[in-house]
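Residue numbers for the sequence shown follow this note's numbering, so the first one is 391 and each next one is one higher.
Every residue, glycine too, gets a C-beta built ideally from N, C-alpha and C.
In this text, all values refer to a predicted model and were calculated from it rather than measured experimentally.
For reference, the structure discussed in these notes is given below.
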Amino acid sequence: MPAPYPPPVAPKPRKRRRKPLSWAAPQRWRRTFRYFYLRFLRLRGSPREIARGLAAGVFAGAFPFFGFQTIFGIALAAVVRGNKIMAAAGTWISNPLTYVPIYAFNFKLGSLLLGMSSSEIDFSSQQSIREWMSMGMDISAALIVGSCLVGLVASVIGYSVGLNLAVRYRQARRQKRQRGQRGR
391 MPAPYPPPVA PKPRKRRRKP LSWAAPQRWR RTFRYFYLRF LRLRGSPREI
441 ARGLAAGVFA GAFPFFGFQT IFGIALAAVV RGNKIMAAAG TWISNPLTYV
491 PIYAFNFKLG SLLLGMSSSE IDFSSQQSIR EWMSMGMDIS AALIVGSCLV
541 GLVASVIGYS VGLNLAVRYR QARRQKRQRG QRGR
């Protein structure tokens, strides 16, 4: 006896139409940036935790540990019970545009505190660069001492600014939410 119905036929897969690459890429970047921006604004934790995380990141960003500043900042934020995302963001005070001025200032300050004469080092000649490299430990000590002091001062400033901004943002958000509930 023949089958009463023909066998089912699988539908042809539809080809997805892609948007032109020139339009899709910027749109995707905008959406990704907006997503992380909104996550950044909606950080969980008290304003004090957020400020402690920022201070830890700023402190870590003052040190010349290229590539390890973020790890150092997050570890420090864990110790002081700060927000780890803000710690990672705070390390960006030192970036490729600010490395040289920050570390030059840190070195000058450290050499001043250690009683070293930083004016003897002239970076314009090849001979002085060799002398500078041979001073290795003295240079490192001056840079670390200067970075520690600059990091302490910058982290105190970062804490107070971060606390102020976090409290203001939370208050504005609370007021906006209350206005929205009254209008219903």
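Is the beta carbon of residue j closer than 8 Å to that of residue i?
| i | j | result |
| --- | --- | --- |
| Ser-501 | Ala-532 | yes |
| Val-546 | Leu-503 | no |
| Arg-442 | Tyr-549 | yes |
| Ile-440 | Ala-556 | yes |
| Ala-477 | Ile-464 | yes |
| Ala-446 | Leu-466 | yes |
| Phe-455 | Phe-462 | yes |
Would you tell me roughly how many angstroms separate the C-alpha atoms of residue i and residue j, rounded to the nearest one?
| i | j | result |
| --- | --- | --- |
| Pro-437 | Lys-402 | 56 Å |
| Leu-539 | Arg-569 | 45 Å |
| Phe-497 | Arg-406 | 58 Å |
| Phe-449 | Asp-528 | 22 Å |
| Pro-486 | Gln-571 | 46 Å |
| Pro-394 | Ala-400 | 18 Å |
| Arg-421 | Gly-526 | 47 Å |
| Ala-566 | Arg-558 | Residue identity differs from the one stated: residue 566 is Lys in this sequence, not Ala. Approximately 12 Å between the Cα atoms of the pair. |
| Pro-398 | Arg-404 | 18 Å |
| Phe-363 | Ala-494 | The structure shown has nothing for residue 363, since the chain only spans 391 to 574. |
| Val-470 | Phe-458 | 18 Å |
| Ser-530 | Leu-542 | 18 Å |
| Asn-554 | Gln-417 | 34 Å |
| Leu-499 | Trp-419 | 41 Å |
| Ile-505 | Val-490 | Contrary to the premise, residue 505 reads as Gly rather than Ile in this sequence. Those two C-alpha atoms are separated by around 22 Å. |
| Phe-423 | Asn-473 | 20 Å |
Using a C-beta cutoff of 8 Å, does residue i count as contacting chain B?
| i | result |
| --- | --- |
| Gly-457 | The displayed structure is made up of one protein chain only, and chain B is not part of it. |
Measure the beta-carbon distance from residue i to residue j and round it to whole angstroms, keeping in mind my assumption that it falls under 8 Å.
| i | j | result |
| --- | --- | --- |
| Ala-544 | Ile-483 | 7 Å |
| Thr-460 | Thr-481 | 5 Å |
| Leu-444 | Gly-552 | 4 Å |
Complete runs of the alpha helix (DSSP H) confined to the stretch 440 to 494 [at least 4 residues]: 459 to 469 and 474 to 480
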